[in-house]
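Here the structure is laid out as structure tokens; the discussion comes afterwards.
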Amino acid sequence: MDDCIFCKIIRREVPAEIVYETDELLAFKDISPLAPTHVLVVPKSHFASLDDLPADNVDLAGKLLLGIRDTAAKLGISGGYKVVTNCGEAAGQVVGHLHFHLLAGKKFTP
Ligand code: 5GP
Ligand code: ZN
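Just so we're aligned, residue -11 is where the sequence shown starts under our numbering, counting upward by one.
Shown next, in the form of structure tokens:
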């Protein structure tokens, strides 16, 4: 995905403050944080959104979920964080590469 900003971050063509990495995912600070901790956790493979993650990709789905948990642990926010993914424009998705917002440090509603 040549023009995808998150693929460029994964390829180290665009700088980002990386906080956690495995073979299959990267976690980096959001450029416009909405909370004291605001990190994006993304698979290194390009999928446009959660809807585009193949149904048989259970292994990656699990690794993403556990990777979010491990990113939270690395950041010292275990037990006090929120995870969000926006799927599609109607839900506010702007970047078309599957990503999970990991947020902490303020009160959220809901
Ligand atoms: P979405 O609205 O698609 O769920 O969230 C996209 C997020 O990506 C936004 O919170 C936005 O601030 C963040 N973002 C967009 N471009 C960049 C970038 O170049 N670097 C980083 N670190 N975050 C970005
Ligand atoms: Zn991408």
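C-beta: ideal position from N, C-alpha, C; glycine also.
Quick caveat: nothing in here was measured; it's all calculated off a predicted structure.
Can you find the residues in the same chain that come closer than 7 Å, C-beta to C-beta, to residue i, ignoring five residues on each side of it along the sequence?
{"i": "GLU5", "result": "PHE16 and LYS17"}
{"i": "GLN81", "result": "SER37, ASN74 and CYS75"}
Helix or strand or just coil, what does DSSP make of residue i?
{"i": "ALA79", "result": "helix"}
{"i": "PRO46", "result": "One point to set straight first is that residue 46 is Val, not Pro, in the sequence displayed. VAL46: helix per DSSP, three-state reduction."}
{"i": "LEU86", "result": "coil"}
{"i": "LYS94", "result": "coil"}
{"i": "ALA60", "result": "helix"}
{"i": "LEU19", "result": "Here the sequence assigns Ile to residue 19, which means Leu is not the residue at that position. Coil at ILE19, not helix or strand."}
Under 8 Å Cβ to Cβ from residue i, same chain only, skipping five residues before and after it: list those, please.
{"i": "SER66", "result": "ARG57 and ALA60"}
{"i": "GLY55", "result": "TYR8, THR10, GLU12, LEU13, ALA15 and VAL29"}
{"i": "THR25", "result": "LEU63, ILE65, TYR69, LEU90, LEU91, ALA92 and GLY93"}
{"i": "ASP39", "result": "CYS75 and GLY76"}
{"i": "HIS87", "result": "PHE(-6), LEU28, VAL29, VAL30 and THR73"}
{"i": "ASP(-9)", "result": "none"}
Have a look at the DSSP bridge pairing and note the partners of residue i.
{"i": "TYR69", "result": "Answer is none; TYR69 lacks a bridge partner."}
{"i": "PRO31", "result": "LEU13"}
{"i": "ILE(-7)", "result": "Per DSSP, none; premise fails for ILE(-7)."}
{"i": "ILE6", "result": "PHE16"}
By Cβ distance, which residues of its chain are closer than 6 Å to residue i, with the 5 residues on each side in sequence left out?
{"i": "GLY84", "result": "ALA36"}
{"i": "LYS(-4)", "result": "VAL2"}
Item to complete: Considering only heavy atoms of the ligand ZN, list every residue whose Cβ is less than 5 Å from one of them, following chain order.
Response: MET(-11), CYS(-8), PHE(-6), CYS(-5), HIS34 and HIS85
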